[in-house]
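Asks: All the letters of the sequence shown, read from the start, carry residue numbers 418 to 535 under the numbering used here.
Built from N, CA and C at the ideal position, the CB exists for glycine as well.
These figures come from a predicted structure and were not determined experimentally.
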Amino acid sequence: MMKLEESEYPNVVYVEVDGKVTEEDAEKSEAFIKEHYGNEKKLNALVYIKEMEGADIGAVLKGSVIDVKHWEQYGKFALIANPAWIEGGSTVADLMPGIEVRHFDKAQIDKAWEWLQE
Numbered sequence: 418m419m420k421l422e423e424s425e426y427p428n429v430v431y432v433e434v435d436g437k438v439t440e441e442d443a444e445k446s447e448a449f450i451k452e453h454y455g456n457e458k459k460l461n462a463l464v465y466i467k468e469m470e471g472a473d474i475g476a477v478l479k480g481s482v483i484d485v486k487h488w489e490q491y492g493k494f495a496l497i498a499n500p501a502w503i504e505g506g507s508t509v510a511d512l513m514p515g516i517e518v519r520h521f522d523k524a525q526i527d528k529a530w531e532w533l534q535e
């Protein structure tokens with residue numbers, strides 16, 4: 418399941434992944450971005466991975482949070498995840514050229530929000 422919400426910060430979307438990400442999640446993600454941010458507005462994302470099933474982080478981000486229609490809108494991705502997923506997804510930045518990606522552990526969530534506002 419994937420949940421998207423507007424954050425208290427302008428142009429920052431909060432994405433939470435808990436379990437398996439489905440095609441329906443990807444469709445909801447695309448609709449949410451279009452409705453709340455349009456097709457032109459630049460935005461950053463804080464992606465909080467609680468638990469994840471059946472895919473690697475890169476596949477989840479590239480296939481559901483970022484679809485081709487909105488690729489150019491993203492500037493930064495703060496990825497909050499279990500250290501093992503971060504190590505396994507160390508090529509996440511390589512999968513998302515043009516988007517600045519930083520990994521944070523769960524205790525650093527405040528630092529992640531700060532970084533997204535810089």
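Beta-carbon within less than 6 Å of ASN461's beta-carbon, same chain only, minus the 5 sequence neighbours each way: which residues are those?
Replies: The residue given as residue 461 occupies position 44 in the sequence shown. VAL429, GLY492, LYS493 and LEU533.
Asks: Could you tell me if ASP442 is buried or exposed, where buried requires 16 or more neighbouring beta carbons within 10 angstroms of its beta carbon?
Replies: By 1-based counting over the sequence shown, the position of residue 442 is 25. Burial call: buried.
Asks: Given a cut-off of 8 Å on the beta-carbon distance, is the pair ALA495 and LEU463 in contact?
Replies: Indexing the sequence shown from 1 puts residue 495 at position 78. Indexing the sequence shown from 1 puts residue 463 at position 46. A contact, by the Cβ cut-off of 8 Å.
Asks: What's the C-alpha gap between ASP527 and GLU440?
Replies: Reading the sequence shown from its first residue, position 110 is the one you call residue 527. Reading the sequence shown from its first residue, position 23 is the one you call residue 440. Their Cα atoms are separated by approximately 30 Å.
Asks: In chain order, what are the residue ranges of uninterrupted beta strand (DSSP E) at least 3 long that sit wholly in the region 432 to 478?
Replies: Qualifying beta strand (DSSP E) stretches, in chain order: 460 to 470.
Asks: Thinking C-alpha only, which one of MET418, TYR431, GLU447 and TYR465 is nearest PHE521?
Replies: Along the sequence shown, read from residue 1 onward, the residue named residue 521 stands at position 104. Selected option, being the one with the closest Cα: TYR465.
Asks: Among GLU535, TRP530 and ALA524, which has the Cα closest to the Cα of LYS467?
Replies: Counting from 1 along the sequence shown, the entry for residue 467 is found at position 50. Ranking GLU535, TRP530 and ALA524 by Cα distance to LYS467 puts ALA524 first.
Asks: So LEU421 and VAL434 are in contact, right, with Cβ under 8 Å, and what is the actual spacing, rounded?
Replies: Here residue 421 refers to the residue found at position 4 of the sequence shown. Here residue 434 refers to the residue found at position 17 of the sequence shown. Not really, about 10 Å apart at Cβ, beyond 8 Å.
Asks: Near LYS459, which residues of its chain fall below 7 Å by C-beta distance, leaving aside the five closest residues on each side in sequence?
Replies: Here residue 459 is taken as the residue at index 42 of the sequence shown, counted from 1. Closer than 7 Å at Cβ, skipping near neighbours: ASN428, GLN490 and GLY492.
Asks: Kindly indicate which three-state DSSP category ILE516 falls into: helix, strand or coil?
Replies: What you label residue 516 is simply residue 99 of the sequence shown in a count that begins at 1. The answer is coil: DSSP assigns ILE516 none of H, G, I, E or B.
Asks: For GLY506, which three-state DSSP category applies?
Replies: In the sequence shown, the residue the question calls residue 506 occupies position 89. Note on GLY506: pLDDT 47, under 50, position unreliable in the model; the coordinate value appears next. Correct three-state label for GLY506: coil.
Asks: Taking the straight line between their C-alpha atoms, what separation do you get for ILE450 and VAL438?
Replies: For the purposes of this step, residue 450 is taken as the residue at position 33 of the sequence shown. For the purposes of this step, residue 438 is taken as the residue at position 21 of the sequence shown. Taking the straight line from one Cα to the other gives about 17 Å.
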